[in-house]
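Numbering-wise (my numbering), the sequence shown opens with residue -2 and increments by one. These notes are about the structure you will find just below.
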Amino acid sequence: MVALHKAQTALVPYEVVWIALGERRTVEPLDSVRYVVAGRGGYCYHLNGALGCLLDWLGFDVHWRVGGVQGPQWAEPVGANSNHLVIEVHGLPSPDCPDGVWVVDTGMGDALHEPLPLVAGKYRQPPLELTLRPSDVVEGGWRLDHDDWARCPGMDFAPYEATVEDFLVEHEKQSTSPDSGFVRIAALCRRDGDSATVLRGLLLDRHSTAGDDRREIGSAGEYFATLADVFHLPLSDVDEERKAALYRKVRADHEEFLRSQREQAQQEQAQ
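In structure tokens form, the structure reads like this:
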């Protein structure tokens, strides 16, 4: 289980490029497997859904949980509002996990590199410091506090069994609403043993044990090379016309983001 989790975070990207391409997806786990096998990634419903399928096929005791990621736009936790799918795997006791329950989550993109025992405590997964504790807002649930470096402060999840139907409304909203951050910005994440790499629009950030690095992608060629080489997303099934349209959208969204940042800075200076 640990090896599979590590391999997926390193080799299968957390990505919403499919939204920028105008594609529609389901959250059915078998469809999620097809997306990954076809060389694509996805967001939490797809990555955790596919991994949950694989673990179930291998004989692990897999359980879906309703989660809620607290994005940077929210000052307080959102509770288990279904904007996130979490997986628990049961029946694997160890000295660090006497009850045998593990949190398996490749769907936050820049968070877990390997599973965590469902035991309250602080956990170091370089370069990140994470905390798992009882939730303050979900009765009987749990809270994962993210590293201070991350944009999202954390995620809460409920203790009860979840099904595909629990996520349909939020999936539709997150993948189609103009207010959704996933619709506004084409983002990708990759996590390995010593770094977390995030591409939001045309800004590439790498947070590692060796330090932090940020650079701006300057051309279509550099953008698609970054998708392929850094995030293992070659888009080999996307023709050149659709790729060109994708880059135009990403560039336009990036310019809008820079404009809004300049306006915000000017407003702050004027106050």
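Beta carbons: idealized from backbone N, C-alpha and C, even for Gly.
Would residue i and residue j qualify as a contact pair, given that the criterion is a beta-carbon distance under 8 Å?
{"i": "D191", "j": "P95", "result": "no"}
{"i": "L48", "j": "Q5", "result": "yes"}
{"i": "H60", "j": "E85", "result": "yes"}
{"i": "F228", "j": "P69", "result": "no"}
{"i": "V166", "j": "G76", "result": "no"}
{"i": "G97", "j": "L89", "result": "yes"}
{"i": "L127", "j": "L115", "result": "no"}
{"i": "R22", "j": "S172", "result": "yes"}
{"i": "H81", "j": "G104", "result": "yes"}
{"i": "E12", "j": "L199", "result": "no"}
{"i": "P112", "j": "V(-1)", "result": "yes"}
{"i": "L180", "j": "I16", "result": "Looking at the sequence provided, one finds Val at residue 180 rather than Leu. It is a contact, given that the beta carbons lie within the stated cut-off."}
{"i": "Q67", "j": "G151", "result": "yes"}
{"i": "R197", "j": "L18", "result": "no"}
In angstroms, rounded to a whole number, what distance separates the CA positions of residue i and residue j?
{"i": "S174", "j": "E162", "result": "19 Å"}
{"i": "G64", "j": "A155", "result": "6 Å"}
{"i": "I182", "j": "D250", "result": "7 Å"}
{"i": "E20", "j": "R212", "result": "28 Å"}
{"i": "Q266", "j": "G208", "result": "30 Å"}
{"i": "E244", "j": "P74", "result": "According to the sequence displayed, residue 244 carries Tyr and not Glu. Distance between the alpha carbons of Y244 and P74 is about 34 Å."}
{"i": "D107", "j": "A242", "result": "27 Å"}
{"i": "S132", "j": "S216", "result": "44 Å"}
{"i": "E169", "j": "T223", "result": "28 Å"}
{"i": "T160", "j": "R62", "result": "8 Å"}
{"i": "V247", "j": "C149", "result": "22 Å"}
{"i": "L44", "j": "V34", "result": "11 Å"}
{"i": "S27", "j": "C50", "result": "Residue identity differs from the one stated: residue 27 is Leu in this sequence, not Ser. C-alpha separation (whole angstroms): 7 Å."}
{"i": "R121", "j": "F57", "result": "25 Å"}
{"i": "G138", "j": "G46", "result": "20 Å"}
{"i": "E260", "j": "E136", "result": "41 Å"}
{"i": "R203", "j": "R187", "result": "9 Å"}
{"i": "Q264", "j": "L232", "result": "40 Å"}
{"i": "Y157", "j": "L55", "result": "23 Å"}
{"i": "Y32", "j": "C41", "result": "13 Å"}
{"i": "L255", "j": "A262", "result": "11 Å"}
{"i": "Y220", "j": "D144", "result": "27 Å"}
{"i": "D176", "j": "G218", "result": "29 Å"}
{"i": "A225", "j": "A193", "result": "16 Å"}
{"i": "K119", "j": "D236", "result": "46 Å"}
Please confirm if residue i has its CB atom under 8 Å from at least one CB of chain C.
{"i": "Y42", "result": "Judged by its chain identifiers, the structure shown contains no chain C, having just a single protein chain."}
Name the DSSP beta bridge partners of residue i, please?
{"i": "S205", "result": "S192 and G208"}
{"i": "R197", "result": "A184 and L200"}
{"i": "G215", "result": "Partner(s): none; G215 has no beta bridge."}
{"i": "Y11", "result": "G39 and C186"}
{"i": "H81", "result": "G64"}
{"i": "M152", "result": "V66 and L141"}
{"i": "H87", "result": "D58"}
My understanding is that residue i touches residue j, with C-beta atoms under 8 Å, so please give their C-beta distance in whole angstroms.
{"i": "G36", "j": "D234", "result": "7 Å"}
{"i": "D189", "j": "A72", "result": "Between A72 and D189 the Cβ distance is about 31 Å, and since that is not below 8 Å, they are no contact."}
{"i": "S29", "j": "F164", "result": "Actually they do not touch by this definition, with Cβ atoms about 11 Å apart."}
{"i": "V83", "j": "H2", "result": "With 8 Å as the limit, V83 and H2 do not qualify as a contact, their Cβ atoms being about 13 Å apart."}
{"i": "V214", "j": "L201", "result": "Checking the sequence shown, residue 214 turns out to be Ile, not Val. Indeed they touch by this definition, with Cβ atoms about 6 Å apart."}
{"i": "A117", "j": "R130", "result": "5 Å"}
State yes or no: is the C-beta of residue i nearer than 7 Å to some heavy atom of the ligand HEM?
{"i": "R188", "result": "In the structure on display, the ligand HEM does not appear, and there are no ligands present to speak of."}
In the segment 160 to 189, which residue ranges form an unbroken alpha helix (DSSP H) of at least 4 residues, counting only runs that do not cross its ends?
165 to 173 and 178 to 181
Going along the chain, which unbroken runs of the alpha helix (DSSP H) with 4 or more residues stay wholly within the segment 34 to 79?
41 to 54, all fully within the segment 34 to 79.
Just list the beta strand (DSSP E) runs in the segment 89 to 140, keeping only unbroken ones of 3 residues or longer that don't cross its boundaries, in chain order.
99 to 101, 118 to 122 and 125 to 131
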